[in-house]
Amino acid sequence: MNPDRRTFLRASTAATAATAAMGAGSLSELAKAAGSRPAPHPLLTPAPEFQDVSRGKPKPFDLVGEALEEARLTPETWRIEILADPFTDAVVKEPASLERQFRLDDGSALDFAALRELGRTRGVRYLKAMQCLNIAEPLGQGLWEGVPLREILRLCGAIANVRRIHYHGFHNDDPAQLFRSSLSYSEAMETPPGEPPVLLAWKLNGEPLSLLRGGPVRMVVPWAYGFKSIKWLRSLSLTNDYRANDTYAERNNDPDSPVKTAAYLDPVPDRIESGTLLHFTGRVVSGRSGLDRVEYALRRDGAGESELVWNRCELEAPPADWSAVLPPGVSSREVLGFDPGTGAPLSWPPRYGTATWFASPRDLPPGGYEILVRAIDRNGFAQPEPRPMPKAGKNAVESRRFEVG
Ligand SMILES: Nc1nc2c(c(=O)[nH]1)N[C@H]1C(S)=C(S)[C@@H](COP(=O)(O)O)O[C@H]1N2
Ligand SMILES: [Mo]
């Protein structure tokens, strides 16, 4: 159980224990215990605590010593190739061409120092939740830092017949284990004003990106599920093929699916003593269509779907003091998605980010219940709409049962 999930239990058992131990005499103690709302999920997930989704064997983060260097996965050995894909077929008649390629064989591949140098003038950082299309719950939220992919592609000079960027991560020498993804050229180059760009990231939460999280360099695609954020990135291929080559597409998922606005519910104890102040918590992800609100409903055993009454949940407030949240030396004024003047976030939760919601229903009569939670997006769609299809992202309305005894 992670510490946040424990908080619910702690808060509710503290209140129960206080009720039992103190009797009617110490009302202020009682109020204190009962009033303690669980702490929100931390806004920055420590890098090792992200839930890991890595395919293949051995995993790159199990490599050590020479094997790691041969894989070019140390900052000193890391290189990225940027190549024109010679691909043509009956439909795609002309191959891609680049004025300048960056190749391993002639020593022109970009190294880590070159990337960092570019980052000095073109670097950006933003908050983003990493989320797998196939796992309900964000894997973690981080402050990602690096250089926009568009700045890397600019280095190629004049380019012709390029429609997509194909890229893959290192696993080992078995081609069957390649984990691939792709973006259209336009998605990579045309960042809407104020929106986070696709990033070649080498820092997470102010620290160098660990091998475990895909370092030295990983792709971060802000609006997409995790399968586009390829770890152990070492090559980009610019192609005239107009099709997505994503590994996830081959596994029956929609490779263009943006992250959904969706609320997720933390575990709930099976049984709650009558009179305990209830605190339900969970996380909500602000997807491409933004978040309007989070709602919960309580269904008593035997009640029908049509009797559901949806109530508004409270959202964790943005921190008043971001210096206590962000890594040392990072001002929120320098984070994309924050007001450069005031340092306050421009939307909440952050764009493609997550925050905690709370619901504290009062005075529930004893009985069996189900709690349901849903997010409403800025277009007025209630979860699981607008795309209640697992192929486009796990987005079902979550519910849990409990008894008030
Ligand atoms: N090279 C590589 N990159 C990868 C994967 C992988 O298996 N290999 N898994 C992807 C998937 S499906 C997800 S959801 C995210 C998870 O990122 P995390 O392990 O840092 O939480 O990484 C993506 N990047
Ligand atoms: Mo994933």
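Okay, so the sequence shown: first residue is 43 according to the numbering used here, each after it adds one.
Cβ atoms here follow ideal geometry from the backbone N, Cα and C, with glycine treated the same way.
I need the straight-line Cα distance from residue i to residue j, nearest angstrom please.
i      : j      : result
VAL439 : SER316 : 26 Å
ALA243 : SER223 : 16 Å
TYR168 : LEU146 : 31 Å
LYS270 : PRO264 : 9 Å
LEU72  : ARG404 : In this prediction, LEU72 scores a pLDDT of 39, lower than 50, which makes its location untrustworthy; no coordinate-derived value is stated.
LEU246 : VAL189 : 13 Å
PHE444 : GLU358 : 24 Å
VAL259 : LEU185 : 14 Å
PRO117 : TYR338 : 47 Å
ALA113 : LEU320 : 51 Å
PRO311 : LEU340 : 15 Å
GLU141 : GLU123 : 14 Å
THR318 : TYR290 : 45 Å
LYS436 : ALA345 : 26 Å
ASP363 : PRO382 : 15 Å
PHE221 : ARG276 : 12 Å
CYS198 : MET172 : 29 Å
PRO430 : GLU229 : 25 Å
ARG293 : ASN176 : 11 Å
SER373 : ARG164 : 17 Å
ALA417 : LEU157 : 39 Å
PRO428 : SER328 : 14 Å
ASP111 : SER96  : First, the residue type needs correcting, since residue 111 is Glu and not Asp in the sequence shown. So the two alpha carbons sit approximately 20 Å from each other.
THR87  : VAL133 : 46 Å
ASN421 : THR303 : 11 Å
GLN183 : SER348 : 36 Å
ALA56  : GLY268 : Residue placement at ALA56 cannot be trusted, given a pLDDT of 38 that sits under 50; what the coordinates show is reported in the next sentence. Those two C-alpha atoms are separated by around 38 Å.
SER389 : GLU179 : 21 Å
ALA76  : ASP419 : Unreliable positioning characterises ALA76 in this predicted model, as indicated by a pLDDT of 49, which lies under 50. The coordinate reading is nonetheless provided below. Straight-line Cα distance between these residues: approximately 32 Å.
HIS208 : SER402 : 47 Å
VAL367 : PRO84  : 9 Å
Mind checking whether the beta-carbon of residue i lies closer than 7 Å to any heavy atom of ligand 1?
i      : result
ASP215 : no
SER271 : yes
MET172 : yes
PHE380 : no
PHE103 : no
LEU181 : yes
PHE29  : What the structure shows of the chain is the stretch from 43 to 447, and residue 29 is not part of that stretch, so it cannot be assessed.
PHE92  : yes
GLY257 : no
PHE444 : no
PHE322 : no
TRP186 : no
TRP274 : yes
PHE400 : no
PHE129 : no
Hey, would you say the C-beta of residue i is under 7 Å away from at least one heavy atom of ligand 2?
i      : result
TYR267 : yes
LEU175 : yes
VAL95  : yes
Tell me which residues share the same chain as residue i and place their Cβ nearer than 8 Å to its Cβ, disregarding the 5 neighbours each side in the sequence.
i      : result
GLY447 : ARG313, ILE314, GLU315, SER316, PRO408
LEU350 : ALA339, ARG341, LEU414
GLY385 : TRP364, SER373, SER374, ARG375
Figure out for me which residue from the options has the closest Cα to the Cα of residue i.
i      : options                        : result
GLU249 : SER226, GLN425, PRO369, ALA230 : PRO369
VAL240 : ASP127, ALA304, ALA266         : ALA266
ALA286 : LEU275, SER277, ASP298         : ASP298
ALA305 : PRO100, PRO235, PRO238, GLY332 : GLY332
LYS135 : ILE418, ALA202, LEU225, VAL367 : ALA202
PRO80  : PHE322, GLU376, ALA366         : PHE322
LEU195 : GLU237, MET231, TRP120         : MET231
Sorted by chain position, which residues of the same chain lie with C-beta nearer than 6 Å to residue i's C-beta, five sequence neighbours on each side aside?
i      : result
GLN93  : LEU181
SER441 : GLU412, LEU414
LYS433 : ASN295, ASP296
PHE103 : LEU253, LEU254
PRO392 : LEU169, GLY379
GLY410 : ASP343, GLU445
ALA138 : ALA126, ASP127, ASN203, VAL204, LEU280, THR281, ASN282
GLY161 : VAL189
LEU406 : VAL446
Mind checking whether the beta-carbon of residue i lies closer than 7 Å to any heavy atom of ligand 4?
i      : result
GLY211 : Inclusion of ligand 4 in the displayed structure is not the case, the ligand content consisting of ligand 1 and ligand 2 alone.
Please work out which residues of its chain come closer than 7 Å, Cβ to Cβ, to residue i, disregarding the five sequence neighbours upstream and downstream, and give them in chain order.
i      : result
ARG354 : ARG335, GLU337
PRO387 : PRO360, GLY379, PHE380
PRO90  : LEU254
ASN226 : Note that residue 226 is Ser in the sequence shown, not Asn. Around SER226: ARG205, ARG206.
PRO426 : ASN437, ALA438, VAL439
Of all the CB atoms in chain E, is at least one closer than 8 Å to the CB of residue i?
i      : result
ASN214 : Reference to chain E is not applicable here, since this structure consists of a single protein chain.
Complete alpha helix (DSSP H) runs within the region 126–186 (minimum length 4 residues, chain order): 154–164
Completely contained beta strand (DSSP E) runs for the region 365–433, where each covers 3 or more residues: 396–401, 409–419
Unbroken stretches of the alpha helix (DSSP H), 4 residues or longer, contained in the region 217–257: 227–231
Contained beta strand (DSSP E) runs [length at least 3] in the region 311–361, N- to C-terminal order: 322–327, 333–342
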